[in-house]
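Those letters in the sequence shown? Residues 238 to 400, by my numbering. Note that CB positions come from ideal geometry on N, CA and C, so glycine has one too. First the structure, in the form of structure tokens, and then the observations on it.
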Amino acid sequence: MDQKVLVLNGDYTAITLCSVQKAFVLLFLDKAEMIAKSDGTLRTISQAYPKPSIIRLQRYVRVPYKGIALSRHNLFKRDHFECQYCGSTKTLTLDHVIPRSRGGDSSWTNLLTACARCNHAKGHRTPAEAGLTIRQQPKKPTLAGFLKLSAGTIDQTWHAYLN
Numbered sequence: 238m239d240q241k242v243l244v245l246n247g248d249y250t251a252i253t254l255c256s257v258q259k260a261f262v263l264l265f266l267d268k269a270e271m272i273a274k275s276d277g278t279l280r281t282i283s284q285a286y287p288k289p290s291i292i293r294l295q296r297y298v299r300v301p302y303k304g305i306a307l308s309r310h311n312l313f314k315r316d317h318f319e320c321q322y323c324g325s326t327k328t329l330t331l332d333h334v335i336p337r338s339r340g341g342d343s344s345w346t347n348l349l350t351a352c353a354r355c356n357h358a359k360g361h362r363t364p365a366e367a368g369l370t371i372r373q374q375p376k377k378p379t380l381a382g383f384l385k386l387s388a389g390t391i392d393q394t395w396h397a398y399l400n
């Protein structure tokens with residue numbers, strides 16, 4: 238039951254993920270309609286219902302997009318919880334590509350995940366000066382891309398709405 242359900246707004250744009258239980262409540266109260274089913278059923282004492290994979294809200298909900306919060310956990314998630322210099326998954330820290338001592342800011346494009354060893358070896362230098370190569374250039378994630386990361390396993394039917 239820890240499976241996620243993709244929630245679409247009234248105009249079929251992806252807005253969030255929710256639990257199967259929450260999706261079922263929205264369907265049961267006629268606040269949403271089922272777009273796609275997943276394998277399995279939800280059973281009550283007297284009935285069985287298909288398990289939702291994608292639901293669409295009946296009414297358009299204005300969601301002010303504030304962007305994805307710049308946080309330690311979200312940065313680690315964007316970088317797949319691995320060092321962007323060596324690929325290690327142990328003792329992860331955050332590293333400024335352009336060091337703060339040289340005017341580097343704390344932004345999506347200047348922060349990346351690094352293990353303590355690589356971060357210490359880099360010090361107050363740029364990766365090029367330290368002889369390190371970045372595996373994947375840091376960039377700000379999109380909402381659809383971040384929903385893919387948050388979901389873990391993605392149902393094949395979601396691809397049409399997350400691209």
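| Asked | Found |
| --- | --- |
| Inter-residue CB distance, residue 299 and residue 247 (contact presumed, cutoff 8 Å) | Rounded, the Cβ-Cβ distance is 10 Å, inconsistent with contact. |
| Element boundaries [beta strand (DSSP E), containing residue 286] | 285-294 |
| Cβ pair residue 332, residue 311 closer than 8 Å | no |
| Residue 320 in three-state terms, based on DSSP | coil |
| Three-state class that DSSP yields for residue 244 in the structure shown | strand |
| C-beta contact flag for residue 290 and residue 275 at 8 Å | yes |
| Cβ pair residue 245, residue 314 closer than 8 Å | no |
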